[in-house]
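Read left to right, the sequence shown gives residues -24 to -1, 1 to 350 (mature numbering (1 follows the signal peptide of the UniProt record, and there is no 0)).
Just so you know, even glycine gets a beta-carbon here, dropped at the ideal spot from N, CA and C.
In this text the structure is predicted, and so the values were computed from the model without any measurement.
The structure appears right after this line, and notes come after that.
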Amino acid sequence: MGDSIMKHFLSLGLLLTATGAALAQAPSAADTVAAKSTATANPLTFYGFVDGYYGFDFKHPATNARPGFLYSHNRQNDFTVNQGLVGLRYDDGRVRGAVGLHAGSYVAANYAAEDPVFRHIYEAYAGFRPFQKAWLDVGIFGSHIGFESAISEDNWTLTRSLMAENSPYYEAGARFIYEVAPQLTLTGLVLNGWQNIRETNQGKALGTQIQWKPTDKILINSSTFLGNEQPQDSLRRRYFHDFYVTYAATERFSLAAVFDVGKQQSAGRSGYDTWHTAAAFVKLKLSDKLSGTLRGEYYYAQRGVVISSLQPARTDADFRAAGGSLNLDYAPAANVLFRVEGRYLQAKDAIFQQRDAQTADGYGNLTTSVALSF
């Protein structure tokens, strides 16, 4: 990042601090689902989030980078910031909008292909109610896909699962949200593409999301994506479906199951390359300040589509990996979270780089983080 970009970023952060009249925690991805229809006392809120971390990879090569398919908390043996975020939101019940800026190793990895002027935008959208119980937003906003989000403290685990790392964190386009009932919300989207602010071709992508809460303890989500993610002269349709269920069995014990499947038209042959991935989460609240989460996951991608290459060749190898993680979370205050996580991945092939130019089929790491929201 250039010095000038960071100066502008810091300057705007100071401006937001001076003008923010009320403090609010950075909202989760579900904040757009149930917007209030009545005006609040103060429609303008200021929010912020900082996630500092240190990671260590076992038998790591002479680099501070983690494997290339990891984008969040992707540095090892390096004290750094995954995400520093400040923003303003306005919502008077009839119109709403948001502007948020961020920086960190997550931003450097995920926004590398974007124009420099857009790389530090976390969200920037404006919207209104075309009629009661509906919102129409246009701009840049969080992805409608996935159980996990860019804000680490909103996730059950510290690091992201393989499925989350290799599906969109953010989107640019228009979204229409309609609350059919308090338990059911429908969303339709027209997007520039699969996690890209800048359009890459003349086509537009489509997305849908259904969120249903049959009971207070169960949430069922179904999200879809359809689009062409290749240049205009190289049409390759991509179809994708994300499905997850969360179950709060008790106040202290929760479960989540996630399954994704996608297809993309192949290069050099007829048909499609397919990938599918799943994860299961078990979260236990040990006390008011202490909790732990166990995760198991797998990822399969034919010819490494998406996770290894957006345009895989005919001879590229399949990607197969599975693993698990265990993290412990301690909250010394309501807006501070200290986390420690151990993670291990096992691949079918020796895809993980190690020291002395060696490769292995196993990969393990430790990550610790202190996150503050305001």
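- At least 9 Å separates the beta-carbon of residue 76 from that of residue 342.
- In terms of Cβ geometry, residue 195 and residue 135 do not form a close pair [threshold 9 Å].
- The beta-carbon distance between residue 255 and residue 289, rounded to whole angstroms, is 28 Å. This is too long to meet the 8 Å contact definition.
- The residue from 326, 261 and 339 with its alpha-carbon nearest to that of residue 229 is 261.
- If you draw a straight line from the Cα of residue 249 to the Cα of residue 165, it is about 25 Å long.
- The count of Cβ pairs closer than 8 Å, one atom from the stretch 76 to 96 and one from the stretch 56 to 63, reaches three, so the stretches are in contact.
- CA-CA distance, residue 219 to residue 162, rounds to 14 Å.
- Taking 3 residues as the minimum length, the beta strand (DSSP E) runs contained wholly in the stretch 107 to 156 are 110 to 118, in order along the chain.
- Annotation for residue 57: the continuous beta strand (DSSP E) segment containing it runs 56 to 67.
- Contact between residue 89 and residue 116 is absent: CB atoms are separated by about 15 Å, not below the 8 Å threshold.
- About 6 Å separates the beta carbons of residue 212 and residue 240, which is inside the 8 Å limit, making them a contact pair.
- For residue 282, the closest alpha carbon among the candidates 56, 232, 268 and 141 is that of 141.
- When the beta-carbon positions are compared, residue 153 and residue 188 stay at least 9 Å from each other.
- Boundaries of the beta strand (DSSP E) around residue 323: 312 to 323.
- Taken atom to atom, the span from the alpha-carbon of residue 202 to that of residue 223 is near 28 Å.
- Contact between residue 121 and residue 199 holds, with the beta-carbon distance rounding to 5 Å and staying under 8 Å.
- Counting only the Cα atoms, residue 175 lies some 33 Å from residue 233.
- Bounds of the alpha helix (DSSP H) holding residue 81 are 81 to 86.
- Shown here, residue 264 sits in coil according to DSSP, grouped into three states, outside any helix or strand.
- Taking the Cα positions, residue 57 is about 10 Å away from residue 48.
- The alpha-carbon of residue 334 is positioned some 44 Å away from that of residue 310.
- With respect to the 9 Å criterion, residue 160 and residue 180 are not classified as neighbours on the basis of their beta carbons.
- For residue 70, the closest of 19, 144 and 98 by C-alpha to C-alpha distance is 19.
- Excluding five sequence positions before and after residue 104, the CB atoms of its chain that fall closer than 7 Å to its own CB belong to 70, 71 and 112, given in chain order.
- Residue 227 counts as exposed, since fewer than 16 other C-beta atoms from the protein chains shown sit within 10 angstroms of its C-beta.
- DSSP lists 341 as the beta-bridge partner residues of residue 33.
- Closest in C-alpha terms to residue 301, from the list 37, 277 and 132, comes 132.
- Within the model, the alpha-carbon separation for residue 173 versus residue 93 is close to 11 Å.
- Distance from the CA of residue 345 to the CA of residue 34, rounded to the nearest whole angstrom, comes to 18 Å.
- Counting of Cβ neighbours within 10 angstroms places residue 247 among the exposed residues, the total staying below 16.
- Rounded to whole angstroms, residue 118 and residue 87 show a C-alpha spacing of 13 Å.
- Check the Cα spacing between residue 308 and each of 221, 264, 54 and 44: the tightest is with 264.
- Of the residues 323, 327 and 313, the one whose Cα lies closest to the Cα of residue 29 is 313.
- The C-beta distance from residue 138 to residue 205 rounds to 19 Å, too long to meet the 8 Å contact threshold.
- Between the alpha carbons of residue 237 and residue 182 lies a distance of about 16 Å.
- Between residue 81 and residue 27, the alpha-carbon positions lie close to 10 Å from each other.
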